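Asker: Dumping the structure here so I can ask a few things about it.
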Amino acid sequence: MLFEVRQQPVTANELDDNVTAIEEQTDSGAIVTKMPTCGDEMCHCMIDNEKHGPYRYHVYCDDRGKVTVDYLGKA
Ligand SMILES: [Zn+2]
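Take any residue in the sequence shown, count from 1 to its spot, add 9: that is its number in this note's numbering.
And the structure:
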């Protein structure tokens with residue numbers, strides 16, 4: 010088989026550490042809330058650990074089996 014399209018939904022342990030809540034499971038993944046850092050060392054999110062957000066994302070497997078993250082806006 011040349012490549013295998015994955016059929017399972019994205020699971021919680023594939024989500025990154027910034028996920029604070031899983032709001033809803035969908036057929037192929039989940040709607041999650043994240044409080045991300047922006048990576049700027051001078052930003053309050055890195056200095057004081059006051060992270061950005063919360064923002065909502067849909068994390069899912071697309072039809073080629075790739076884990077995809079869609080930004081849904083501020084939570
Ligand atoms: Zn920041």
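For each residue, glycine too, the CB sits at the ideal point set by N, CA and C.
Since the structure is predicted, the reported quantities are computational estimates derived from the model, not experimental observations.
Quick check on DSSP: helix, strand or coil for H53?
Answerer: Walking along the sequence shown from the start, residue 53 turns up at place 44. Reduced to three states, the DSSP call for H53 is helix.
Asker: CB-CB under 6 Å to E59, same chain, minus the five flanking residues each way: which ones, in chain order?
Answerer: By 1-based counting over the sequence shown, the position of residue 59 is 50. Hits under 6 Å: H53.
Asker: Measuring only from the beta carbon, is M44 closer than 7 Å to any heavy atom that is part of ligand 1?
Answerer: What you label residue 44 is simply residue 35 of the sequence shown in a count that begins at 1. M44 Cβ: outside cutoff for every heavy atom of ligand 1.
Asker: Buried or exposed: where does Y80 fall if 16 or more other Cβ atoms within 10 Å of its Cβ makes it buried?
Answerer: Position 71 of the sequence shown, counting from 1, holds the residue named residue 80. Under this definition Y80 is an exposed residue.
Asker: Helix, strand or coil for E33, going by three-state DSSP, please let me know.
Answerer: For the purposes of this step, residue 33 is taken as the residue at position 24 of the sequence shown. Here E33 sits in strand by DSSP.
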